[in-house]
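One structure is given below, encoded as structure tokens.
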Amino acid sequence: MQVIICESPEQVGSRAADIIEARVRQGPAVLGLATGSSPSGTYRELIRRHREEQLSFSDATAFTLDEYAGLPLDHDQSYHSTIRREFVDHVDLPLSRLLTPHGDAEDLRAEAVRYDEAIREAGGVDIQILGIGANGHIGFNEPTSSLNSRTRVKTLAGATRSDNARFFPGGEVPQLCLTQGLGTIREAHQAVLVALGANKAGAVRAMVEGPVSAFCPASVLQLHPRAVVVLDPEAASQLQLIDYYRRAQELNDKLLGR
1 MQVIICESPE QVGSRAADII EARVRQGPAV LGLATGSSPS GTYRELIRRH
51 REEQLSFSDA TAFTLDEYAG LPLDHDQSYH STIRREFVDH VDLPLSRLLT
101 PHGDAEDLRA EAVRYDEAIR EAGGVDIQIL GIGANGHIGF NEPTSSLNSR
151 TRVKTLAGAT RSDNARFFPG GEVPQLCLTQ GLGTIREAHQ AVLVALGANK
201 AGAVRAMVEG PVSAFCPASV LQLHPRAVVV LDPEAASQLQ LIDYYRRAQE
251 LNDKLLGR
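Residue numbers for the sequence shown follow UniProt numbering, so the first one is 1 and each next one is one higher.
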């Protein structure tokens, strides 16, 4: 796991965007898109590069990480609609290649299997963008999720529903979701997780320095051969080996001529 500690949220977005841009410019790429506040700066930077530096997503395919159960794709708070607002509608990625699990499917379990198979048929995800919850979840893989889990139906934890209640004023947050599993996420060719703020520091410490455990689902990235974690100082503040990570980062940047 490569840990990159940046000086600001803006720098976090830029460093994560560098990794994604490099893959997109190589040719047709399969992107895994996560919603949430942490990746938003990365999406803003990719949009800027699309507009100002001719970064094209016209050959890309994108799979979203998760979706609320019970919401149609065009619902204002579906993750399909959210990722369109935050990223896809601002670049040239064809909507026909923005793929999302259908939260309003009649048979949610069958839909989960279909979606997992669609990712495999696409050749797998080249770069999976991730955030992390304060309880260590990635996607909607809450604590105690199997480390080998596939895309499936999950019950949302109370803390997650409370965190997301602000997006459902006057309405109830869905209790179920469809999410890529930890085993599915591990199969991405590269994972890029971004985390911002002191409220994520405990989860980041458990993910990077704690044991691989279903209690901290994000810790499964320790088993990933190409996982990059990009942090601002607050999110990195509880890391015990922070000086080591900074030194390793300096040497790596020097080697790459950054």
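Glycine included, every Cβ here is placed at the ideal spot set by N, Cα and C.
DSSP-derived helix/strand/coil call for residue i
i: residue 314; result: Nothing can be reported for residue 314, as the shown portion of the chain is limited to 1 through 258.
i: ASP107; result: coil
i: ILE132; result: coil
i: ALA188; result: coil
i: GLY32; result: strand
i: SER213; result: strand
i: ALA235; result: coil
i: LEU73; result: coil
i: GLN54; result: coil
i: GLN26; result: coil
i: GLN222; result: helix
i: GLN240; result: coil
i: VAL3; result: strand
i: LEU196; result: coil
Residues that DSSP places opposite residue i in a beta bridge
i: TYR68; result: CYS177
i: LYS154; result: CYS177
i: ILE138; result: ASN141
i: PHE63; result: GLY32 and LEU99
i: ALA227; result: ALA191
i: GLN11; result: Its beta-bridge partners do not exist; DSSP assigns none.
i: GLN19; result: The sequence given here places Ile at residue 19; Gln does not occur at that position. Per DSSP, none; premise fails for ILE19.
i: ILE127; result: LEU31 and GLN190
Inter-residue CB distance, residue i and residue j (contact presumed, cutoff 8 Å)
i: HIS80; j: GLU67; result: 7 Å
i: SER219; j: PRO211; result: 7 Å
i: SER40; j: ASP92; result: Actually they do not touch by this definition, with Cβ atoms about 20 Å apart.
i: ILE132; j: ILE138; result: 6 Å
i: ARG150; j: GLY183; result: 6 Å
i: PRO233; j: GLU7; result: 7 Å
Same chain, Cβ closer than 6 Å to residue i, five either side skipped, listed in chain order
i: PHE167; result: GLN77
i: ALA201; result: ALA235, SER237 and GLN238
i: ILE4; result: ARG15, VAL230 and GLN249
i: ASN164; result: VAL173
i: residue 311; result: The chain is shown from 1 up to 258; residue 311 falls before or after that span and cannot be answered.
i: ALA29; result: ARG23, ALA60 and ASP126
i: ALA227; result: MET1, ALA191 and LEU221
i: ARG97; result: THR61
i: PHE215; result: PRO143
i: GLU53; result: none
i: THR64; result: LEU33, TYR79, ILE83 and THR100
Own chain, CB closer than 8 Å to residue i, minus 5 neighbours either side, in chain order
i: GLY70; result: GLY103, ASP104, PRO174 and LEU176
i: HIS189; result: GLY124, VAL125, ASP126, ILE127 and ARG226
i: LEU241; result: GLU209
i: ALA157; result: ASN135, HIS137, GLU142 and PRO143
Beta-carbon contacts of residue i that lie in its chain and below 7 Å, excluding the five residues immediately before and after
i: THR155; result: GLN175 and LEU176
Exercise for the section: Jot down the residue ranges of each uninterrupted alpha helix (DSSP H) in the stretch 78-123, minimum 4 residues, whole runs only, in chain order. Expected result: DSSP runs (the alpha helix (DSSP H)) wholly in the stretch 78-123: 79-86 and 108-121.
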